[in-house]
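Residue numbers (numbering that gives the first Met the number 0), protein chains in the order written: chain A, 0 to 314; chain B, 0 to 445.
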Amino acid sequence: MLAFTRPLDKNSGKIREVELGTGDSKIVIGGENVLPLYGFDGEIPNKPVVAMEILDMDPKDEWPEACYAPIAAVAADPVAWAKLAVEKGADVVCLHLLNTHPDRGNTPAADAAALAKQVADAINVPLMVEGCGHNERDAEVLPKVAEALEGKNALIIAANEHTYKAVGAAAGLAYGNVVAAESAVDINLAKQLNILLTQLGVKEERIIIHPGCAAVGYGFEYVYSAMERIRAAAIQQNDKTLQMPFVLPYGQESWRTKEASAPVDEMPAWGDQEARGVMMEVCGAISLLAAGAHALVLRHPSSIATVKKAIVELI
Amino acid sequence: MALSGLEIFKLLPKTNCKECGFPTCLAFAMKLAAAGVEVDKCPHMSDAAKETLGEASAPPQKTVTIGAGDNAFTIGGEVVLMRHEKSFISRPIFALGLDENDADADAKLARAKEIKYDRIGEIMKIGLVAVMGNDTAKFGAMVDKAAAAGLEAACALLSDNVDVVKAALPKVAAAKPLVGYATEANYEAAVAMAKEAGLALAVKADTVEALHDLVEKIHALDYKNLVLFPAPKSMKEELADRVAISRAALKQTVRPLGYPTMVCACDEDQYMRGVKATLAVLKYGALIIMNDVSYGTMLPLFALRQNIFTDPQKPMRVEPGIYPIGNPGPESPVLVTVDFALTYFIVAGEIEKSKVPTWLLIPDAGGLSVLTAWAAGKLSGSSITQFVKECGICDKVTRKAIELPGKVAVLKGELEDGLSDWKIVIGPDEAIDLPKFLKAWDEVSK
């Protein structure tokens with residue numbers, strides 16, 4: 000009888016380490032030379048981090064009750080909300096500038112930048128700032144934000160194929176921050192955008208990949224496989240243009256789904272909204288970790304606590 | 000391990016009789032090695048050679064069937080480690096696991112029974128109830144209780160003590176349960192029991208190495224209807240175990256590990272239980288035992304399973320038809336989209352969010368997204384016209400106004416020709432703008 004030995008994979012590639020924040024609040028993500036969670040094959044020197052999403056507007060009329068309740072007391076005050084996020088154990092705070100969208104408050108760039116600075120100064124963890132997703136506004140607002148956060152080493156989300164010149168140059172080059180490169184769930188698009196940013200002069204260690212995101216049950220398989228393919232290329236084929244860590248703003252996708260947002264009186268059989276909303280968020284977050292996420296942005300404090308506990312047990 | 004063409008050639012009669020349809024034995028051997036022809040095509044091969052060849056060409060992970068009738072399911076048969084390499088094959092089964100001492104069993108069974116979720120035509124439910132324990136009387140009582148609960152599910156009888164399982168087996172023998180555990184201490188008795196009743200057998204050992212050696216001994220007793228159960232450990236170690244088993248089976252054709260794996264996703268915290276089940280779905284769990292379930296917290300796990308076990312070559316589709324959302328009436332908006340499941344979900348979600356009752360029409364568009372379907376000629380003015388005329392929407396609405404997705408606004412003229420009594424309204428390019436659009440429907444549809 001032949002003795003059995005576990006097959007292990009030796010890889011040639013390694014994910015780049017990227018720093019967020021400065022001084023005592025600095026954290027490092029990436030650095031592993033293995034596929035996601037596969038510490039038995041090699042080394043995972045840094046744990047993934049979990050951010051809490053906070054908004055520049057009170058989401059009372061938009062967020063499902065179960066998602067809103069834990070933050071209701073601070074929802075109108077982004078600075079208080081940011082402090083609550085840190086209290087609840089968030090490794091990073093993500094300020095989502097939804098109200099800069101033309102269909103909403105169309106907040107002036109200077110005001111948004113001032114708010115970002117205020118939040119950054121109020122917390123002792125790194126900051127992410129996410130734009131509203133409107134290309135023209137993001138290209139105008141995010142450079143101002145990057146300028147206001149000069150030297151803070153914040154993560155600016157995101158530069159895409161339309162906005163990479165404005166956002167990439169400001170966040171990644173001029174003001175010493177880190178830029179998330181967002182593409183539409185495809186390995187080649189992710190690669191192309193990384194190349195464009197580096198050709199602009201942005202250093203690789205100032206780029207994080209935002210591979211595009213979708214909720215579990217809503218096209219998640221595309222996100223999962225795109226991430227797996229990007230990680231396989233980076234780790235197994237040593238593709239240097241794809242060796243950046245991943246950031247995934249998942250909470251906003253998850254809480255939009257019917258499973259998470261339907262009130263109990265609409266779907267009585269589904270039961271407690273908080274339990275299913277949190278489970279939706281946790282299930283997606285864990286799946287993204289398994290596909291290689293290094294930084295997750297979530298909404299509910301219970302999701303954040305659960306995912307952080309799982310990270311400690313898994314890595 | 001797969002054999003090369005030359006190795007196969009050595010097992011053939013070497014008579015070049017051509018009865019297999021190939022000019023020479025060597026040509027036939029080469030075709031066999033490439034899995035392009037059945038072994039049986041050669042009428043002159045010895046039985047011993049056939050067995051060797053059959054063994055060598057068997058799939059790397061066996062499929063195992065558990066349960067009887069409508070409650071039967073098949074697990075295993077996987078061929079790749081990552082779904083994008085080809086496709087995952089057998090959806091893992093979620094099971095409720097009950098300890099014989101579980102005081103809460105009635106409530107758990109009732110919760111499990113409630114779960115019946117239709118997600119794009121696939122009914123999701125708890126597929127199996129497992130009873131676990133080591134006391135004959137308590138175990139038997141729990142098996143009775145589980146059977147009486149009336150779930151549409153298969154069952155499993157799991158104990159380290161074969162006599163405990165044997166005593167309970169007659170109660171549910173017709174349901175073709177999974178039985179276990181075969182361990183280093185009892186495997187001969189366990190195999191005899193499973194063999195006699197023709198049942199799948201769960202094999203348990205502390206480590207993957209021990210599991211491998213134990214299955215080799217069970218192979219020596221000529222039993223191959225098995226489910227692997229590496230004993231529960233930390234999440235991290237369990238993941239390492241499952242990766243080791245799948246790699247060995249699928250990449251190295253290590254036969255003793257070429258079976259589906261059972262996972263214990265048990266935790267008192269419902270969210271941590273969900274974490275374990277999530278990892279089991281993604282990473283090589285075939286039968287996922289949970290110590291409690293609820294409808295709401297199973298929803299994401301079902302959705303994840305459906306996503307991950309979709310063939311990447313064949314996008315998920317919804318059935319063409321009329322989808323009424325929010326109880327629409329004769330004056331309600333009529334929208335057109337495509338049968339690509341992702342598009343349907345996004346569009347339906349935005350309509351629900353708008354709270355405007357709406358008729359959503361889904362013609363057959365080849366399961367493609369709006370632009371792709373249009374480019375491929377699967378969504379055209381004539382296909383929409385024909386669908387609108389035949390699907391019965393004309394009898395349901397009095398206000399004949401129909402929205403066309405903004406991305407295919409180019410079809411407007413063609414539609415106006417085909418549906419001359421309808422007003423054609425161009426909708427937004429992106430679904431996210433639908434709520435705003437629908438709220439203004441009275442204006443735009445005039």
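Beta carbons are placed, not taken as given, at the ideal position from N, Cα and C, and that holds for glycine.
Sheet register partners of residue i (DSSP bridge)
i, result
"residue 96 of chain B", "B/129"
"residue 201 of chain B", "B/179 and B/226"
"residue 318 of chain A", "In this structure chain A extends from 0 to 314, so residue 318 of chain A is not present and cannot be described."
"residue 275 of chain B", "Paired residue(s): none; residue 275 of chain B is not in a bridge."
"residue 447 of chain B", "Residue 447 of chain B lies beyond the residue range present for chain B, which begins at 0 and ends at 445; the question has no answer from this structure."
"residue 296 of chain A", "A/50 and A/248"
"residue 323 of chain B", "B/358"
"residue 161 of chain A", "Residue 161 of chain A pairs with nothing; no bridge assigned."
"residue 286 of chain B", "B/92 and B/261"
"residue 117 of chain B", "B/122"
Bounding residues of the beta strand (DSSP E) (the contiguous stretch that carries residue i)
i, result
"residue 17 of chain A", "17-19"
"residue 179 of chain A", "177-181"
"residue 155 of chain B", "153-157"
"residue 322 of chain A", "Residue 322 of chain A lies beyond the stretch modelled for chain A, which goes from 0 to 314, so this question has no answer here."
"residue 75 of chain B", "72-75"
"residue 253 of chain B", "No beta strand (DSSP E) holds residue 253 of chain B; DSSP gives it neither H nor E."
Proximal residues to residue i (C-beta, below 7 Å), its chain only, five neighbours per side dropped
i, result
"residue 200 of chain A", "172"
"residue 148 of chain B", "108 and 112"
"residue 250 of chain A", "52, 280, 296, 297 and 298"
"residue 380 of chain B", "410, 413, 414 and 417"
"residue 406 of chain B", "369, 370 and 428"
"residue 4 of chain B", "28, 29 and 32"
Chain C contact residues for residue i, given Cβ-Cβ distances below 7 Å
i, result
"residue 113 of chain B", "Here the protein chains are A and B, and chain C is not one of them."
Neighbourhood of residue i by C-beta, 6 Å cutoff - its chain only, sequence neighbours within 5 removed
i, result
"residue 153 of chain B", "65, 66, 70 and 127"
"residue 27 of chain B", "19 and 21"
"residue 0 of chain B", "With a pLDDT of 46 at residue 0 of chain B, under the threshold of 50, the predicted position of this residue should be treated as unreliable, though the coordinate-derived value follows. Counting only Cβ-Cβ distances below 6 Å, and skipping sequence neighbours, we find 252."
"residue 430 of chain B", "345, 346 and 349"
"residue 43 of chain B", "12"
"residue 40 of chain A", "7, 8 and 33"
"residue 204 of chain B", "210 and 213"
"residue 91 of chain B", "280, 284, 285 and 287"
Own chain partners of residue i with C-beta closer than 8 Å, once the 5 adjacent residues on each side are dropped
i, result
"residue 15 of chain B", "22, 23 and 24"
"residue 173 of chain B", "67"
"residue 116 of chain B", "122, 123, 124, 294, 297, 298 and 301"
"residue 52 of chain B", "2, 7, 10, 31, 38 and 44"
"residue 25 of chain A", "18, 19, 125 and 152"
"residue 134 of chain B", "99 and 163"
"residue 222 of chain B", "190, 193, 194 and 200"
Residue i - containing alpha helix (DSSP H), residue span
i, result
"residue 44 of chain B", "No alpha helix (DSSP H) contains residue 44 of chain B, which DSSP labels as neither H nor E."
"residue 448 of chain B", "Since the first and last residues shown for chain B are 0 and 445, residue 448 of chain B lies out of range."
"residue 387 of chain B", "380-389"
"residue 31 of chain B", "24-32"
"residue 118 of chain A", "108-121"
The segment 0-9 of chain A / the segment 30-40 of chain A touching (three or more Cβ pairs under 8 Å):
yes
Taking any Cβ of chain B, which residues in the segment 3-19 of chain A have a Cβ under 9 Å from it, in chain order?
3, 4, 5, 6, 7 and 8
What residues in the segment 245-258 of chain B have a beta carbon less than 9 Å from any beta carbon of chain A?
246, 247, 250, 251, 253, 255 and 256
Is it true that the segment 55-65 of chain B meets the segment 253-261 of chain B, where meeting means three or more beta-carbon pairs spaced less than 8 Å apart?
yes
For the structure I just gave you, are there three or more beta carbon pairs, one from the segment 283-293 of chain B and one from the segment 89-104 of chain B, closer than 8 Å?
yes
Contact the segment 144-163 of chain A vs the segment 182-195 of chain A: 3+ CB pairs below 8 Å:
yes
Mind the definition here: the segment 263-279 of chain B touches the segment 276-290 of chain A only if three or more C-beta pairs lie below 8 Å; say whether that holds.
yes
Positions along the segment 383-416 of chain B whose CB lies within less than 8 Å of some CB in chain A:
none
At a Cβ cut of 8 Å, what residues of the segment 226-249 of chain A count as close to chain B, listed as they run along the chain?
227, 228 and 231
With 7 Å as the limit, tell me which residues of the segment 273-292 of chain B have their beta carbon closer than that to any beta carbon of chain A; keep them in chain order.
273, 274, 277, 278, 281 and 282
Could you please tell me which residues of the segment 206-224 of chain B, in chain order, have their CB closer than 8 Å to any CB of chain A?
207, 208, 211, 212 and 215
Under 8 Å: do the segment 46-61 of chain A and the segment 76-86 of chain A share three or more Cβ pairs, one atom per stretch?
yes
Between the segment 305-312 of chain B and the segment 385-400 of chain B, do three or more beta carbon pairs fall short of 8 Å?
no
Evaluate the contact criterion for the segment 267-280 of chain A versus the segment 221-239 of chain A: three or more CB pairs, one atom per stretch, below 8 Å.
no
Using Cβ-Cβ distances below 9 Å, what residues of the segment 172-202 of chain A are close to chain B?
none
What residues in the segment 19-49 of chain A have a beta carbon less than 8 Å from any beta carbon of chain B?
36, 37, 38 and 39
Can you list, in chain order, the residues of the segment 273-288 of chain A whose Cβ is nearer than 8 Å to any Cβ on chain B?
274, 275, 277, 278, 279, 281, 282, 283, 285 and 286
What residues from the segment 301-312 of chain A come within 9 Å of chain B, judged by C-beta to C-beta, listed N to C?
301, 302, 304, 305, 306, 308, 309 and 312
Along the segment 73-101 of chain B, what residues have a CB closer than 7 Å to any CB found in chain A?
81, 82 and 83
Of the residues that make up the segment 59-83 of chain A, which ones have a beta carbon closer than 9 Å to any beta carbon in chain B?
none
Can you give me, in chain order, the residues of the segment 251-262 of chain A that have a beta carbon less than 9 Å from any beta carbon in chain B?
253, 255, 256, 257, 258, 259, 260 and 261
Chain B contacts from the segment 135-151 of chain A (Cβ-Cβ distance under 9 Å):
none
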